[in-house]
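Below is one structure; the comments refer to it alone.
Protein chains: 2
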Amino acid sequence: MPRRYLNLIPLPDALAVMRRAFPPLDRTETVPLRLAVGRVTAEPLYAEYSVPQADIAMFDGYAVRSEDTLQAQDQRPLPLENCAPINTGEVLPPSFDAVVMIEDTWNEDGIPWIRKSAAPWQHVRHAGEDIRAGELVLPKGHQVRPFDIGALATYGITQVKVRSVRVGIIPTGSDLVPLGVAPAPGQTVETNTLMAEAYLTRMGATCRRYRIVPDDPDLIRSALEEAVAENDLVILSAGSSAGSRDYSSDVVGALGEIIFHGIAVRPGKPVLLARVDDKPVLGMPGYPVAAQTVLREIVGDLLAWWGLSPVRGEELRVRLSRKLASDLGFDEFIPVSVGQVDGTCWATPHPRGGGIQMTVVRANGYLHIPAGREGIEAGEEVRVRLTVPLERIARTLICTGVRHPALNELGNCLSEAGYLLHCCNASTMRAVLAIRAKTCHAASICIPETGAAWNDLVLRYLPEVDLLRVPVARTELGIAAASDLDTDSLESLRFVNRPKGSAARILFDMWLEEQEIDTARLTGYEHEVRTPEAVVTAVGNGFADAGVCPAAMARDAGLRFTPLGYESCDLLIREECAEDEGVASLIRAARSPEFKERLQSLERFRADRAGRTGA
Amino acid sequence: MPRRYLNLIPLPDALAVMRRAFPPLDRTETVPLRLAVGRVTAEPLYAEYSVPQADIAMFDGYAVRSEDTLQAQDQRPLPLENCAPINTGEVLPPSFDAVVMIEDTWNEDGIPWIRKSAAPWQHVRHAGEDIRAGELVLPKGHQVRPFDIGALATYGITQVKVRSVRVGIIPTGSDLVPLGVAPAPGQTVETNTLMAEAYLTRMGATCRRYRIVPDDPDLIRSALEEAVAENDLVILSAGSSAGSRDYSSDVVGALGEIIFHGIAVRPGKPVLLARVDDKPVLGMPGYPVAAQTVLREIVGDLLAWWGLSPVRGEELRVRLSRKLASDLGFDEFIPVSVGQVDGTCWATPHPRGGGIQMTVVRANGYLHIPAGREGIEAGEEVRVRLTVPLERIARTLICTGVRHPALNELGNCLSEAGYLLHCCNASTMRAVLAIRAKTCHAASICIPETGAAWNDLVLRYLPEVDLLRVPVARTELGIAAASDLDTDSLESLRFVNRPKGSAARILFDMWLEEQEIDTARLTGYEHEVRTPEAVVTAVGNGFADAGVCPAAMARDAGLRFTPLGYESCDLLIREECAEDEGVASLIRAARSPEFKERLQSLERFRADRAGRTGA
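Shown next, in the form of structure tokens:
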């Protein structure tokens, strides 16, 4: 029988239960100084000796007795008859109490002369002036910074006892292949433990990744026993959802006690926490974005509770660019791109979904919607946790709209000018509304190259706005089919379609109207797929007979192609914003010969690659 | 003849000259994925294949044809006669176009039944929905984050070409000893190259530290030639000031062309930039805080110009707690501790001086006073660059005043409660004024245990303020002398004294008054030393006959001791602030038995150590 997480525990309760169940650990390790940066001191560090150890000279010059120099005056120079040459850092010889800088002397007959008396202790660093023997250098619980280790070394400290946690990470799943092996369709590269290791190591944990364990309860059990014996915390990667192959909770339940299974958090719901041999075992979901949420919010919280230092960016108050729904009772984490438009910081959400890892790569922060909220209105102020340094926000340009591949190349060109292009997926309609609301620097729209589409889709909603239209790319679209298209028997064919508002759909509808076909009688007209690749896949494997996609894609897949027209991908920019330095760089980049050249070479690369793999 | 940096170049000009002289470098290296975190991509990264590679199931359940399920209704369940069991992530078999979740079915006679029709493509992830083959994952110039490497691995990328710079670092100086060797007085542990390596490695540079080279032009020359051949940038540590032993500039000048020597920056003035074999050679000053400034502001700027990612904290607008003077024409960098008192963020400066490394360790940020300013007024708004994460500021408590060793232990106790104690050195008078101006959470004052001192030094300036006085430690003070003190012949002795306002000075003055001694006739009365260690040193090596210091210190040094009285180190806190959670923790810590116990064990440790080393 399938099981569900019937008792989803709220996130704050889960954290409280976890902290109660696993009090701070006393694990430490001693590392040489150069490896101590970023780690947290497990005990206070004291200076081994005073620095300086004795009174020393602060400059190169002469050690003198200050009382001998009292008579020196600008008009009455004095020879330093009783003095000793001294270099910076050298110990002041007994009976001298001041240093005269070499620059304040000149030599006559082998004796240095001065024009100014020296005050007692002038240019002398006293013993212990920097630190005294036994004085505290760093308190317990201090995260060591790069320049701290210079000081520690100066004070005779060559190694540091730092807080540590040994984390064992076991990947489970028969569909997994290790990094470096090309996955077959239906297989996944095992990457969550790599990511966990990178994240937790930066917190100061010592991670050990175990080999991939197939979906077999006995194998999972023995891997878990080994890892629990060798570590302070064990993470079972994947195997924490409640499907037919997920044995983790059974195995963990048999070896120990399950503390909770299922948290009211999205993504990341299927997380499991258990106690085995008095150690925490955490079942981490397999979807990468869900795994990230669990690493950050659950594992990260436990390690912080155990005294390690959280790895996280700054929190920023921003406005949300569009309404977001959220289920009451669920803490939700949503990747966003933050950028400053016309003096206001806006966060634009990326699509949700634990499997779409690119949303996190494309984002520069994330938004936490607490369980008590049913959603957030457009324009509402929210707190966003950044995943990049704060100062990068000022150099971030938000482009809302259709995410055409050419925009990626544009982003590459823009990076040369020091700006970061963040493309936030949205329909042409939403993109136009974002320009109206001034929540983005530019909108990317893909519309058929017809004046009608421009008027209907853009001008209608922005009648008052002075707009720049910057062309980015044009793409030929048409119908891909397994065999030649017989326009007389279209109703016998099974189609796949693209969503309303897409250029492919508009061109298809126009063509059907020309052919005088009633769409209600067209098989599959209502079967929308979200990507042009899905069109090619459906036609390629015989599940459908025809559908609209780019010419190049049809050609690469060896399908017949009936051209319908061109789609143009343009940037819409408010004229008033074009003077902003970043926006001006964006426009310059889009119009540059380098960008055009890149697009062409990308096209050649694609064609070449298709030619090789398609043969 | 001694040379000076006659032509000090302004900092902004120095950076501009440097950037013009050394255009961005095209050095890259290819690192395995797990070592790519924090590095900057040298080229855009594209997905090796689409993810998913085919249409796959989003949940465990059954693959179905959506049109077969049209008739299913809540009141009219339907058997799934044509279906295939499918697990999450598995490829949808051809001829199926939807997935029914296992939870939405039940089994009867070996056949799954449903009550709800499936929409086309329900619970199906289309091929390429996460990313399409050849689509951009990361643009050029992107600093790789821990979760990025999960995505890269998922898309088949196993190694990353990142920007790199090879930096050779040569320590020079006959007074240097390597880390791990106890320095004799006048020697220094070679730590600046260790610090440089730690800092520059975090920027993504590949550092090579060379062996210590003594002050010998030929040896420096051959070390430099070797390092220039092997690296893109060479740093000569120390040897860049203009003293008698500093041969770097001669050697560098002979091998190449000096671009500048001396920048109008404090600390860090003696920095030297040269071109040798078309590569930059940087002479870095030996004083650690000066070296840090050069690493951050000069070397860091060059590496950022060459495409690496600067390591720096956030910038924060705060108010300066006290007036700071600064020389017109010099860019000055001053370590500060930032804390929030009564809703306002205040920065309190630590003492300046390139040799006092502890000021940087104790600080959580630094203030940049540009060359055009002659100083900053108390209360003025300034920008501070933090050296700790921003969110730590809210947990920082600023204690201004006398830095008694007991306060360090108090800081250790407080860290258990999650707060960070920053002690900013100031006289008792300044500390009392800081309480009046509300620029600190607590003031630490060390005054003689007499009612008169309390009235004169505290109450007089804070008549209207309700104060808490929290005792921290008491110390016996007295006169340490090489032989027994003959009070009848005090005027024949040479004294060292402590600064005005110090408890030692007040007690000494009171005692001299009792003895009816005219201070004008006391030799050395005006010779003030800044630390009690300096008193002990002066008496110990016969340079003076007597001076005031703590009883324990005199005892440890084997000196005779004439008690004068007790000094009490107390915290002053505004009663109104005592409810602040952090301040309440501070008071609790100061009153806790753990803190008293720590002070006692520290005292035992000190006495024990003195007993061993003094014998």
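In the order they appear, the protein sequences are chains C and H. Mapping the first sequence onto my numbering, position 457 (from 1) lands on 440, and the numbers just tick up by one. Mapping the second sequence onto my numbering, position 82 (from 1) lands on 65, and the numbers just tick up by one. Glycine residues also receive a C-beta, built at the ideal position from the N, C-alpha and C atoms.
Check: What is the C-beta distance between residue 25/H and residue 146/H, in whole angstroms, given that I count them as a contact (C-beta under 8 angstroms)?; Outcome: 5 angstroms
Check: What residues in the segment 103 to 127 of chain H bring their beta carbon closer than 8 angstroms to a beta carbon of chain C?; Outcome: 103, 104, 108, 109, 110, 111, 112, 113, 114, 115, 117, 118, 119, 120, 121, 122, 123, 124, 125 and 126
Check: At which residue ranges does the segment 180 to 212 of chain C contain complete alpha helix (DSSP H) runs of 4 or more residues, listed in the order of the chain?; Outcome: none
Check: Tell me, to the nearest whole angstrom, how far the beta carbon of residue 215/C is from that of residue 10/C; I am working on the premise that it is less than 8 angstroms.; Outcome: 6 angstroms
Check: Take the Cβ of residue 153/H as the centre, count every other Cβ of all protein chains shown within 10 Å, and call the residue buried at 16 or more, exposed below.; Outcome: buried
Check: If you drop the 5 nearest sequence neighbours on each side, which residues of the same chain put their C-beta closer than 6 angstroms to that of residue 598/C?; Outcome: Residue placement at residue 598/C is poorly supported in this model, since its pLDDT is 34, which falls under 50; the coordinates still yield a value, given next. Excluding positions up to five away in sequence, the list is empty.
Check: Have a look at 375/H, 181/H, 170/H and 332/H and flag the residue whose alpha-carbon is nearest the alpha-carbon of residue 269/H.; Outcome: 170/H
Check: Whether or not the segment 81 to 95 of chain H and the segment 30 to 44 of chain H are in contact is what I'm after, with contact meaning three or more pairs of Cβ atoms, one per stretch, closer than 8 angstroms; do they touch?; Outcome: yes
Check: Measure how close the beta-carbons of residue 578/H and residue 393/H come, nearest whole angstrom, since I'm counting them as under 8 angstroms.; Outcome: 6 angstroms
Check: Quick one: is residue 584/C buried, meaning 16 or more other Cβ sit within 10 Å of its Cβ, or exposed?; Outcome: exposed
Check: Quick check on DSSP: helix, strand or coil for residue 423/H?; Outcome: coil
Check: With distances taken between CB atoms, is the gap from residue 102/C to residue 79/C smaller than 7 angstroms?; Outcome: no
Check: Would you please state the rounded distance, in angstroms, between the beta carbons of residue 426/H and residue 418/H? I believe it to be under 8 angstroms.; Outcome: 5 angstroms
Check: Measure the Cβ-Cβ separation of residue 30/H and residue 116/H and say whether it is below 7 angstroms.; Outcome: yes
Check: Is there a Cβ from chain C that is less than 7 angstroms from the Cβ of residue 131/H?; Outcome: yes
Check: For a cutoff of 7 angstroms on Cβ pairs, would you count residue 339/C as touching chain H?; Outcome: yes
Check: Determine, for residue 506/C, whether the minimum Cβ-Cβ distance to residues of chain H falls below 7 angstroms.; Outcome: no
Check: Please check if any C-beta of chain C sits within less than 7 angstroms of the C-beta of residue 36/H.; Outcome: yes
Check: Residues of the segment 485 to 501 of chain H with a CB closer than 9 angstroms to any CB of chain C: list them in chain order, please.; Outcome: none
Check: Would residue 317/H and residue 293/H be called neighbours here (beta carbons separated by less than 7 angstroms)?; Outcome: no
Check: Would you say residue 312/H and residue 398/C are within 7 angstroms of each other, going by their C-beta atoms?; Outcome: no
Check: In the DSSP assignment, find the beta strand (DSSP E) that holds residue 408/C and state where it starts and stops.; Outcome: 403 to 408
Check: Going by alpha carbons, who is nearest to residue 23/H out of 109/H, 186/H, 302/H and 94/H?; Outcome: 186/H
Check: Using three-state DSSP, classify residue 486/H as helix, strand or coil.; Outcome: helix
Check: In chain order, what residues of the segment 4 to 30 of chain H put their CB closer than 8 angstroms to some CB of chain C?; Outcome: 16, 17, 20 and 27
Check: Cα separation between residue 368/C and residue 296/C?; Outcome: 6 angstroms
Check: Bridge partners for residue 429/H per DSSP, in chain order?; Outcome: 552/H
Check: In or out: residue 343/C buried (at least 16 other Cβ within 10 Å) or exposed?; Outcome: buried
Check: Would DSSP call residue 329/C helix, strand or coil?; Outcome: strand
Check: Would you list, in chain order, the members of the segment 507 to 537 of chain H that have their beta-carbon closer than 7 angstroms to a beta-carbon of chain C?; Outcome: 510, 512, 513, 514, 516, 517, 520, 524, 525 and 526
Check: Apart from the five residues on each side of it in sequence, which residues of its chain come closer than 8 angstroms, Cβ to Cβ, to residue 239/H?; Outcome: 257, 258, 259, 260 and 264
Check: Quick one: list the residues of chain C neighbouring residue 189/H, beta-carbon separation under 8 angstroms, in chain order.; Outcome: Per Cβ cutoff of 8 angstroms: no residues; residue 189/H is ~14 angstroms from chain C at best.
Check: Rounded to whole angstroms, what is the Cα-Cα separation between residue 33/H and residue 234/C?; Outcome: 34 angstroms
Check: In three-state terms, what does DSSP make of residue 539/H?; Outcome: helix
Check: Using a cut-off of 9 angstroms between C-beta atoms, extract the partners of residue 555/H located in chain C.; Outcome: Ordered by position in chain C, no residue passes the 9 angstroms Cβ test against residue 555/H, which lies about 22 angstroms from the chain.
Check: Would you say residue 582/C faces chain H, with C-beta separation under 7 angstroms as the test?; Outcome: no
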